[in-house]
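In this text, residue positions in the sequence shown follow the numbering used here: the first is 5, and each later residue adds one. Idealized CB from N, CA, C, for every residue including glycine. In this text, all values refer to a predicted model and were calculated from it rather than measured experimentally.
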Amino acid sequence: MDQAQSLREKMNRLQAERPRQLQDPLQKTQYQHHPSSRVITITSGKGGVGKSNFSLNFALGLKAEGKKVVILDLDLSTANLNILMGISPRYSLANVLYDQIRIWDVIEKGTEGIEFIHGGFDLQHLMNFDQSKLDYFWNQLNELQSYADYILLDTGAGISKELVDFILASDETIMVATPEPTSIADAYTVLKTVMSYTTEQPKLRLVINRAQTYQEAVETSRAFQHACKTILKLEIQTLGYLLEDLHVRQSVKAQKPFLVMYPNSTAAKNMKQIIYSYLPEFTRSGPSSSKGIRGFFEKIWSRRK
Ligand SMILES: Nc1ncnc2c1ncn2[C@@H]1O[C@H](COP(=O)(O)OP(=O)(O)OP(=O)(O)O)[C@@H](O)[C@H]1O
Ligand SMILES: [Mg+2]
5 MDQAQSLREK MNRLQAERPR QLQDPLQKTQ YQHHPSSRVI TITSGKGGVG
55 KSNFSLNFAL GLKAEGKKVV ILDLDLSTAN LNILMGISPR YSLANVLYDQ
105 IRIWDVIEKG TEGIEFIHGG FDLQHLMNFD QSKLDYFWNQ LNELQSYADY
155 ILLDTGAGIS KELVDFILAS DETIMVATPE PTSIADAYTV LKTVMSYTTE
205 QPKLRLVINR AQTYQEAVET SRAFQHACKT ILKLEIQTLG YLLEDLHVRQ
255 SVKAQKPFLV MYPNSTAAKN MKQIIYSYLP EFTRSGPSSS KGIRGFFEKI
305 WSRRK
C-alpha cells in the first residue's frame with residue numbers, strides 16, 4: 005500500500021468515526037435552491053396522545069419518499085423526542101441565538117438519519133435580542149430554509165399563547181387527537197382559542213390516533229369536523245388514522261421508530277397511508293405556498309412586538 009493510499013484510508017476511518025458530525029450541505033454539495041420549507045406544527049389539546057411518535061414516524065415516511073425533513077422540538081416542558089430516537093442533543097436552537105453557533109452545528113442526526121433540532125428556548129426571549137443577534141438568527145434560518153423540504157414542529161400539549169402563535173405562524177397544523185372525549189374536547193378548545201385571535205382560516209388537518217377500529221376513527225373525525233364547521237366556521241381536513249397498536253409502545257421502549265422497527269405493523273401501514281394522503285404528488289391538490297421557517301419565526305416575532 006503506498007503512503008497516499010494509507011493516508012486516504014486513515015482519513016476515511018476518521019470520517020466514519022464521527023457519525024454525529026453533520027456535513028455542512030453548503031460546502032459539501034451544490035447549493036440547492038428550495039423556494040421555502042413547509043413548516044408543519046404538530047400539536048394536540050390533551051397531552052400524551054401520540055404527537056411525538058407521529059412527528060418522528062411521519063418524518064421518516066416523508067424521508068422515505070425522498071423528502072428532506074428536519075424535526076424541531078419546541079416542547080419546552082417535556083421535550084422528549086430525542087429520547088424516542090435515543091440521542092442526547094449537545095446544542096439547541098437557543099445556541100444559534102445566544103452564542104451565534106451555525107445552524108448546521110445544532111442539527112443532530114437521529115435514528116435512520118432523521119435530522120433533529122432541539123428548540124431549547126422560550127420564544128418570548130426573541131424580543132430581548134439586539135438587532136445583530138437577530139440578523140444572525142434570521143440568516144441561519146434562511147440556510148435551514150434552503151435545505152429542508154419540510155420542517156416539523158413537535159409541540160407541547162395544552163393551550164398556551166405560544167401554541168396559538170405556532171399555529172398561526174406555521175404553514176399548516178396537524179392536530180393529533182384520540183377518540184377519547186377529553187382529547188377531542190381539548191383539541192376543540194385549542195382551535196376555538198386560535199380562532200379568537202384571527203379572522204383567517206389556518207390550514208388544519210386532523211389525525212385520529214389510537215382508535216380501536218376504523219369505524220371509531222371515522223366517526224370521531226366526522227363529529228370533530230362537523231363541530232368545527234358549524235360552531236367555529238372552521239374547515240379541518242382529515243389526514244388519516246392510526247389504530248391502537250402494541251408495536252408503538254414496543255418501539256418506544258426500544259427507542260426506534262415503529263416505521264423502521266415494525267414496517268408491517270398496523271401503525272406503520274396507517275402511517276404510509278397518511279404519507280400518501282399528505283404528499284401533493286399522490287393527491288390531486290397542487291403544492292400550496294409556504295412562508296417557511298424564517299417566515300414562521302418572523303411572524304411570531306412580529307406578533308410579540
Ligand atoms: N397508535 C398507538 N398505539 C398504541 N400506543 C400508542 C399509539 N400512539 C401512541 N401510543 C402510546 O402513547 C405514548 C405517548 O406518545 P407520545 O409521547 O408520542 O405522545 P405526546 O403527545 O408526544 O406526549 P406529550 O404531550 O407528553 O408530548 C407512547 O409512548 C405510546 O406508548
Ligand atoms: Mg411529545
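* To do: Leaving out five residues on either side along the sequence, give the residues of the same chain with a beta carbon under 8 Å from the beta carbon of Leu247.
  => Result list for Leu247: Arg214, Ala215, Gln216, Thr217, Tyr218, Ala221, Thr270, Ala271, Asn274, in chain order.
* Asked: Is Thr82 near ligand 3, going by C-beta to nearest heavy atom under 7 Å?
  -> Ligands in the displayed structure: ligand 1 and ligand 2; ligand 3 is not one of them.
* Whole angstroms is fine: what's the gap from Ile235's alpha carbon to Glu116's? => 43 Å
* Please determine, among Tyr192, Ser92, Thr202, the residue with the shortest C-alpha to C-alpha distance to Arg307. => Thr202
* Beta-carbon separation of Leu156 and Met179 under 8 Å? -> no
* 8 Å Cβ cutoff met for Tyr194 and Thr47 -> The question names Tyr, yet the displayed sequence has Val at residue 194. Yes, the pair counts as a contact, with Cβ atoms nearer than the cut-off.
* Which residue or residues does DSSP assign as beta-bridge partners of Thr242? -> According to DSSP, residue pairing for Thr242 in a beta bridge involves Leu210.
* To do: Return helix, strand or coil for Ile118, following the three-state DSSP convention.
  => coil
* Just to confirm, does Asp190 get its C-beta within under 7 Å of one of the non-hydrogen atoms of ligand 2? -> False, no ligand heavy atom lies under 7 Å from that Cβ.
* Near Ile44, what residues of its chain come up, given a Cβ to Cβ distance below 8 Å and the 5 sequence neighbours on each side ignored? -> Tyr154, Ile155, Leu156, Leu157, Ser174, Asp175, Glu176, Thr177, Ile178
* Pick helix, strand or coil for Val168, following the three-state DSSP scheme. => Residue state, collapsed to three classes: helix.
* What beta strand (DSSP E) runs, 3 residues minimum, are completely inside the stretch 74 to 138? -> 119 to 122
* Measure the Cβ-Cβ separation of Ser92 and Ser294 and say whether it is below 8 Å. => Contact flag unset, no.
* To do: Would you give the residue range spanned by the alpha helix (DSSP H) that Val252 belongs to?
  => 250 to 258
* Close beta carbons around Leu148, own chain, < 6 Å, minus the five adjacent residues each side -> Ile107, Ile297
* Asked: Sorry if obvious, but does the Cβ on Leu246 come closer than 7 Å to a heavy atom of ligand 1?
  -> In this structure, ligand 1 has a non-hydrogen atom nearer than 7 Å to the beta-carbon of Leu246.
* Round the Cβ separation of Gly124 and Leu76 to the nearest angstrom and send it over; I've been treating them as touching at under 8 Å. => Contact flag wrong, Cβ pair sits at about 10 Å.
* **Pairwise C-alpha distance: Asp134 and Tyr266** => C-alpha separation (whole angstroms): 48 Å.
* To do: Go ahead and pull the three-state DSSP assignment for Ala1.
  => The requested residue 1 is not part of the displayed model; the chain covers only 5 to 309.
* **Secondary structure of Glu223, DSSP reduced to three states** => helix
* Asked: Just how far apart, CA to CA, sit Gly49 and Phe300?
  -> Taking the straight line from one Cα to the other gives about 21 Å.
* To do: Could you tell me whether the Cβ atoms of Asn84 and Ser56 are closer together than 8 Å?
  => yes
* Asked: Touch check for the stretch 63 to 75 and the stretch 275 to 282: three-plus C-beta pairs under 8 Å?
  -> Yes, since at least three Cβ pairs between the stretch 63 to 75 and the stretch 275 to 282 fall closer than 8 Å, the two stretches touch.
* Can you pull the DSSP bridge partners for Val43? -> Ile155
* Go ahead and label Arg253 buried or exposed: buried means 16 or more other beta carbons lie within 10 angstroms of its beta carbon, across all protein chains shown. => Counting every other CB atom within 10 Å of its CB across the protein chains shown gives Arg253 a total below 16, marking it as exposed.
* **Reduced DSSP category for Glu302 - H, G, I as helix; E, B as strand; rest coil** => helix
* Under the three-state reduction of DSSP, which class applies to Val53: helix, strand or coil? -> Three-state result, Val53: coil.
* **heavy atom of ligand 1 below 7 Å from Gly54 C-beta** => yes
* Asked: Should Gly51 be counted as a contact of ligand 1 given a C-beta to heavy atom distance under 7 Å?
  -> yes
* Please report the residue range of the alpha helix (DSSP H) in which Ile178 lies. => Premise fails: Ile178 lies in the beta strand (DSSP E), 176 to 181, not in any alpha helix (DSSP H).
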